[in-house]
Amino acid sequence: MERKVVIIGAGTSGLLACKYLVKKGFDPAVFEAEYCIVGVWNHTMQLTRLQNAKEDYWFSDFDWPASVQEKFPSHTEILDYVESYAQHFNLYPYIKFHSKVISLNYVGVSFEEMKTWDLWGGTGTAFGSKGKRHITVLDTETNATGK
296 MERKVVIIGA GTSGLLACKY LVKKGFDPAV FEAEYCIVGV WNHTMQLTRL
346 QNAKEDYWFS DFDWPASVQE KFPSHTEILD YVESYAQHFN LYPYIKFHSK
396 VISLNYVGVS FEEMKTWDLW GGTGTAFGSK GKRHITVLDT ETNATGK
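Residue numbers for the sequence shown follow our numbering, beginning at 296 and rising by one.
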């Protein structure tokens, strides 16, 4: 059985999902439209600080470094922290940079049949095993698309 999973975005949620899926034996592909992880923090002003106390914004299995003394870490400290997390758990090999998901479709049974299911796939699994998921990704460097 294939254990492939697509994650859209290499922000904190995408990185967490990737880490736990790898731990459970899945083969995730993280599609990130930007050239780096944590895109939102790469597009904020350098003077921006975390709006939450660092005690409320951390990975439960990865502490802030001792060098971060401020209650509200700086832009650079946040980027360094999240990048260190990705490096520590070897997540970079799963990330496909410059890859913007432009469509995601399920191709399989008819919509009428899906409406009769009590659960997503009728078996308690998402969409059952009768169909396939098609994802279209735009390479943001070359503007080429692929499935």
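Cβ atoms here follow ideal geometry from the backbone N, Cα and C, with glycine treated the same way.
Backbone secondary structure at residue i - three-state DSSP
i, result
"V335", "helix"
"P323", "strand"
"G309", "helix"
"S379", "helix"
"K314", "helix"
"K391", "strand"
"F354", "strand"
"T437", "coil"
Buried or exposed (CB count within 10 angstroms, at least 16 for buried), residue i
i, result
"Y315", "exposed"
"L399", "exposed"
"E365", "exposed"
"L310", "buried"
The beta strand (DSSP E) enclosing residue i, as first and last residue numbers
i, result
"D434", "427-434"
"L399", "394-402"
C-beta atoms of residue i and residue j nearer than 8 Å
i, j, result
"P323", "Y389", "yes"
"K395", "L433", "yes"
"Y376", "W359", "yes"
"E329", "F384", "no"
Where the alpha helix (DSSP H) containing residue i begins and where it ends
i, result
"V301", "Premise fails: V301 lies in the beta strand (DSSP E), 299-303, not in any alpha helix (DSSP H)."
Interface flag, residue i vs chain C, CB-CB below 8 Å
i, result
"G403", "Here there is only one protein chain, and chain C is not present."
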